[in-house]
Ligand SMILES: Cc1cc2nc3c(=O)[nH]c(=O)nc-3n(C[C@H](O)[C@H](O)[C@H](O)COP(=O)(O)OP(=O)(O)OC[C@H]3O[C@@H](n4cnc5c(N)ncnc54)[C@H](O)[C@@H]3O)c2cc1C
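In the working numbering, the protein residues as written are 1 to 483.
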């Protein structure tokens, strides 16, 4: 039998698919494993939700606009890709606001502002302070974020702080969102320390003790990394740099329409593409939304496909609007304002784009980005452009008093946008993967539909997928040699 080099087909050319290809290439080379791959993306553009547009002197981000550095994977990938000089950090930790009575109220960031905040009544504040004395939940199963916060911090903290933030970050209803996927660390603190507040203090104490107990000389003090970072020319620079590193086959305008399996074949998978081409593969990575995974798996395991299809996705439109700074009477100074459901505004959130990063627009411009749609008002995203812009301008006038005509407007519609991680989502993905290993060994799930949706999460998941995948590829190569 002639030896076949293992081939991997990666379906989806968003950050998850591209990072999978990159780490596959890199880890295989490091291990001395020969492997080839194809990335197939249905769109004419790579990057998926990452979509940066240069418009004159503005960089407009249609989807993600920065990544958190607390989860290091995106930062590390940028370093690996030689983008360190292109990274830009937020200049401060930034103020965040919640709309209350039609006007932004600052989210408290320290004990004094927490005492003064109008976002919680005296009763609501006392309820938050009671948290260390609330008995921990003994049932380890998942629950909704809403139930978790209500139990630990009270309904005001949920309704006035957490639910609006979650509505804009995850485009989700806190009363449906899984706590394990969204605020898993908080749930762990409750389990470990009996309380979230006690847990924070406990962690800080443990760190101090660790440092004291360690004989190792103190590492030189490193400059603190900004909480959020982006790239000078827009986040798409990360996509472009990734693509430039890839030496495998990368196809655009190529939807994968069918996955066939023949276990007797040395390359057991055959992928059918929308243009009629096919590729054989030793292993396949599905880096696509869960409903697209379901489409490809339905013929092989209808129950598994049904579980993946049950994950719903909300749609959202981002509307970026710039104004001459001189035309804005009292510019909003925050990174963002989130809108609680009880507020009459139909917006989900407004981001202070020019407050967060200074390099994306000329200095005399003031830039905001409104989020419209989500779970609350899906209908609004299909409004014609002029009506959507009129709606956003009306809201900006009511909330910030901005009556001037914008100097730039750009709409991006994402339909579907963001997966809704319901209670038990992680367990469902665990089961789906275990089932898949039985039915279609060598087929892997990755990406934002699985275990985390920020860019760093997608990169971490891609790395993990590649580690598993390489085992399959190596085993296959050994079998071939044995033959
Ligand atoms: C408006 C918005 C703002 C966001 N803001 C942030 C932020 O500031 N920071 C952050 O970290 N994250 C943010 N996110 C989340 C983050 O952008 C996404 O979770 C992440 O980019 C998803 O990457 P992915 O590769 O898993 O999926 P996607 O980007 O959705 O890529 C999947 C790809 O698969 C392709 N595909 C689907 N089916 C097929 C098929 N059958 N054949 C071939 N190709 C197929 C699709 O065309 C798509 O390109 C935001 C998301 C949105 C929508």
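Just so you know, even glycine gets a beta-carbon here, dropped at the ideal spot from N, CA and C.
Item	Value
Beta-carbon separation of residue 455 and residue 53 under 7 Å?	no
Could you compute how far the alpha carbon of residue 79 sits from the alpha carbon of residue 36?	25 Å
Give the C-beta separation of residue 234 and residue 41 to the nearest angstrom, bearing in mind that I take them to be a contact with Cβ-Cβ under 8 Å.	Their Cβ separation, rounded to whole angstroms, is 19 Å, which puts residue 234 and residue 41 out of contact at 8 Å.
Taking one C-beta from the stretch 333-350 and one from the stretch 288-306 each time, how about it: are there three or more such pairs within less than 8 Å?	no
At which residues does the beta strand (DSSP E) containing residue 357 begin and terminate?	Per DSSP, residue 357 belongs to no beta strand (DSSP E) and is neither H nor E.
Among 59, 252, 25, 133, whose alpha-carbon lies nearest the alpha-carbon of residue 45?	252
Can you look up residue 15 in the DSSP assignment and give me helix, strand or coil?	helix
Sort 177, 322, 229 by Cα distance to residue 77 and report the nearest one.	229
Give the secondary structure of residue 314 by DSSP, where H, G and I count as helix, E and B as strand, and everything else as coil.	strand
Ignore the nearest five residues each way along the sequence and tell me which others in residue 367's own chain have a CB closer than 6 Å to its CB.	322, 353, 354, 361
Taking the alpha carbon of residue 281 as the reference point, which residue from 291, 295, 258 has its own alpha carbon closest?	258
Can you check which of these residues, 320, 359, 424, 409, is closest to residue 90 by C-alpha distance?	359
Can you check the stretch 210-288 for any alpha helix (DSSP H) of at least 4 residues that lies completely inside it and give the ranges in chain order?	236-245
Kindly list the residues whose CB is nearer than 8 Å to the CB of residue 231, restricted to its own chain and excluding five residues on each side of it in sequence; keep chain order.	78, 83, 86, 87, 88, 237, 238
Does the beta-carbon of residue 256, which I'm using as the reference point, lie nearer than 6 Å to any heavy atom of ligand 1?	yes
Could you tell me whether the Cβ atoms of residue 263 and residue 198 are closer together than 7 Å?	no
Using a threshold of 7 Å, state whether the C-beta atoms of residue 134 and residue 149 are closer than that.	no
At what residues does the alpha helix (DSSP H) containing residue 352 begin and finish?	Note, residue 352: premise wrong, no alpha helix (DSSP H); beta strand (DSSP E) at 347-352.
Report yes if the C-beta distance between residue 485 and residue 284 is below 7 Å; otherwise report no.	The question about residue 485 has no answer, for the chain in this structure spans 1 to 483.
For residue 488, is the classification buried or exposed, using 16 other Cβ atoms within 10 angstroms of its Cβ as the cut-off for buried?	The structure shown does not extend to residue 488, since the chain is modelled only from 1 to 483, so the question has no answer here.
Can you tell me whether DSSP reads residue 55 as helix, strand or coil?	strand
Starting from residue 89 and walking both ways along the beta strand (DSSP E), at which residues does that stretch end?	87-89
Once you ignore the five residues that flank residue 157 on each side, which residues in its own chain have a CB closer than 8 Å to its CB?	120, 124, 127, 128, 149
Give me the Cβ distance between residue 332 and residue 351, rounded to the nearest whole Å; I'm assuming they're in contact under 8 Å.	With a Cβ gap of about 10 Å, residue 332 and residue 351 do not count as contacting.
Would you call the CB atoms of residue 308 and residue 294 closer than 7 Å?	yes
Near residue 59, what residues of its chain come up, given a Cβ to Cβ distance below 7 Å and the 5 sequence neighbours on each side ignored?	52, 233, 234, 360
Apply the 10 Å Cβ neighbour rule to residue 395 and answer buried if 16 or more other Cβ atoms are within range, or exposed otherwise.	buried
I'd like to know if the stretch 403-416 and the stretch 92-106 are in contact, where contact means that at least 3 CB-CB pairs between them fall below 8 Å.	no
Can you tell me the Cα-Cα spacing of residue 166 and residue 442, whole angstroms?	35 Å
If I follow the unbroken beta strand (DSSP E) through residue 411, where does it start and stop?	408-419
Between residue 147 and ligand 1, is the CB less than 6 Å from at least one heavy atom?	no
Can you have a look at residue 7 and say buried or exposed, based on whether 16 or more other CB atoms are within 10 angstroms of its CB?	buried
Nearest to residue 364 by CA position, among 324, 344, 377, is which residue?	324
Would you call residue 55 buried or exposed, if buried means 16 or more other Cβ atoms sit within 10 Å of its Cβ?	exposed
Would you mind stating whether residue 287 and residue 459 have Cβ atoms separated by less than 7 Å?	no
So residue 195 packs on residue 108, CB below 8 Å; how close in whole Å?	Not confirmed; about 19 Å, so no contact.
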